Amino acid sequence: MSRASQLKTSPISKRDSRMGGGSTQDGELHKRLDRMAIGDANSITNLQRSEICPVCKSSRYLNSNLRFLVNPECYHKMCESCVDRIFSHGPARCPIPGCQKTLRKPRFREQTFEDIKVEREVDIRKKVAAVFNRREDEFETLRAYNDYLNDVEDITFNLINNIDLEETNKRFDAYQKAHEKEIIENAQRAQQETQSFAAMQKAERQLAKQRREAARREEEEEKREMEETRRDMLNRLASGQDADLVARQGQQVQLKKRMDRQAAAERQRQLQAASSGIMLIKGLKSKQKVEPEAPIDPFGGVTFGMQYFTLQDDYIWEGVQDPKTNVQFGAGGYNVNEFTTRALCDAFAGLGVFVDDHDKATEKAPQSAEVGGVKGPAVAASDVKMEDPL
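This is the structure in structure tokens:
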């Protein structure tokens, strides 16, 4: 082999040797590129499937104005033309194979989230929140409020994951029927709070705009006053007055005006804060639970029972048993209960009377007291407590 042939063939042999040495790295690189290509192909395939109507097989690739709609009953996606064609004449069954749901056209809407599971979960949470809309200030204790939130989350979890749907729907419907009035009141209250918050935000924006305009006017006024002060100082210096005195007086005038503006601005801020300072306090209710009203008592709580004894239905005594069995006593209108009541009242009537105290009160009373025109000792009846047997 000649030197020329060696020179021509040597670069090729060197390049081949380098390529042979890096074959392992090139193989790994090709594998990674292949995996990336497969992943991109899968994502493109999934995207293409999501852009194709499962009913009429229309594609967004051929029709860029194609709109897909979903129904909250089954969350199956289909194009707008299929919805118009199938559901324009009234409710119809879902055209997706295997779905037995009856759908209505007004309930179709555009999908908000890319994942249909997230779309369904958000709708369920909105539905549950619209019914279970009680607030923290409606509960007496924090434990009761936490138990309520736990029950709400249990119902939401069961509806999202299709766990005990029949029992969960029964609980949901029962609560909705039992608290229908409270649900409406809380919804109206939330709407009013939303409107009030929007009005407050609008008022705050208006106040901020007014403050900016006031600051701009104040800045312009300050510039104008500084210009007037400077001209006045120049005129006074031109008239031959002392320069130091003129400078001090000018500084004092500017300082006084600045302090006046700051005081006026501070007063204005305080007035605005007092007029627009709305503080919302949320927490447990402070008012006590209303106790049930007691039954109406025409006597205003006055009782007619005996204080020292309780009248029994029957007494085992000869003087009481004989009149009960003898018809002649009952025919004449005699009542054994009246007799026993009077006897017990006479027996216990002296328990509230103390003879010594009664005698002392009688001695202290004036002897010339007249009662109904007859002179006699005054009777202090304040210490005597008698019971009316009737």
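The opening residue of the sequence shown carries number 1 in UniProt numbering; numbering runs sequentially from there.
Note that the Cβ used here is the ideal one computed from N, Cα and C, for glycine as well.
Note that the coordinates shown come from a computational prediction; the quantities given were computed from them, not determined experimentally.
Roughly how far, in whole angstroms, is the beta-carbon of M233 from the beta-carbon of Q254, given that I think they are within contact range, below 8 Å? If you number the sequence shown from 1, residue 233 lands on position 233. If you number the sequence shown from 1, residue 254 lands on position 254. M233 to Q254, Cβ: 10 Å. No contact.
**Asked** If we ignore side chains and look at the alpha-carbon of each, how far apart do W317 and G332 end up?
**Response** Here the question's residue 317 lines up with position 317 in the sequence shown. Here the question's residue 332 lines up with position 332 in the sequence shown. Each residue's alpha carbon lies about 21 Å from the other.
**Asked** How should C56 be labelled, buried or exposed, when 16 other C-beta atoms within 10 angstroms of its C-beta is the threshold for buried?
**Response** Along the sequence shown, one-based indexing puts residue 56 at 56. C56 is exposed by the Cβ-count criterion.
- By the 10 Å Cβ neighbour count, where 16 or more other Cβ atoms means buried, how is M78 classified, buried or exposed? Residue mapping note: residue 78 aligns to position 78 of the sequence shown, counting from 1. So M78 counts as buried.
Quiz item: When DSSP labels each residue in this structure, what does E78 get in the three-state scheme?
Solution: Taking the sequence shown and counting its residues from 1, the one referred to as residue 78 is at position 78. According to the sequence as given, residue 78 is Met; it is not Glu. Correct three-state label for M78: strand.
- Message: Using DSSP's beta-bridge definition, name the partner residues of E110.
- Response: For the purposes of this step, residue 110 is taken as the residue at position 110 of the sequence shown. Paired residues: L69.
Q: Would you please state the rounded distance, in angstroms, between the beta carbons of R112 and E119? I believe it to be under 8 Å.
A: Reading the sequence shown from its first residue, position 112 is the one you call residue 112. Reading the sequence shown from its first residue, position 119 is the one you call residue 119. The sequence shown places Thr at residue 112, rather than the Arg named in the question. Their Cβ separation, rounded to whole angstroms, is 6 Å, which keeps T112 and E119 in contact under 8 Å.
query = Looking at C-alpha atoms only, which residue of N146, D147, L142 and I155 is the closest neighbour of V131?
reply = Stepping through the sequence shown from its first residue, residue 131 is reached at position 131. Nearest option by C-alpha distance: I155.
Original post:
Is the CB-CB distance between K101 and C82 below 7 Å?
Top reply: As a working note, residue 101 is residue 101 in the sequence shown. As a working note, residue 82 is residue 82 in the sequence shown. No, these two residues do not count as a Cβ contact at 7 Å.
Tell me the DSSP bridge mates of I52? In the sequence shown, the residue the question calls residue 52 occupies position 52. DSSP, once it has assigned bridges, lists S59 as partnering I52.
- Sheet register partners of A343 (DSSP bridge): By one-based count along the sequence shown, residue 343 stands at place 343. A343 pairs with nothing; no bridge assigned.
Give the single residue among H76, P72 and I52 whose Cα lies nearest to the Cα of L66. Looking up residue 66 in the sequence shown gives position 66. Between L66 and the set H76, P72 and I52, the nearest pair of CA atoms involves I52.
**Request:** Flag this pair as yes or no: are the beta carbons of L103 and N133 separated by less than 7 Å?
**Result:** Position 103 of the sequence shown, counted from the first residue, corresponds to residue 103. Position 133 of the sequence shown, counted from the first residue, corresponds to residue 133. No, the pair does not count as a contact, with Cβ atoms beyond the cut-off.
*asked:* As an exercise, report each continuous alpha helix (DSSP H) stretch of at least 4 residues that is fully enclosed by the segment 98 to 180, in chain order.
replied: 116 to 131, 142 to 161 and 165 to 178
So, with DSSP's three-state summary, where would you put A208? Counting from one through the sequence shown, the residue named residue 208 turns up at place 208. Correct three-state label for A208: helix.
- Message: Taking DSSP's pairing of strands, which residues face R93 in a bridge?
- Response: Stepping through the sequence shown from its first residue, residue 93 is reached at position 93. According to DSSP, R93 bridges with T102.
**Item:** Reduced DSSP category for E293 - H, G, I as helix; E, B as strand; rest coil
**Value:** In the sequence shown, counting from the first residue as 1, residue 293 sits at position 293. E293 falls in the coil class under three-state DSSP.
>> Taking 8 Å as the cut-off, does the segment 305 to 315 touch the segment 338 to 348 (at least 3 CB pairs, one atom from each stretch)?
In response: yes
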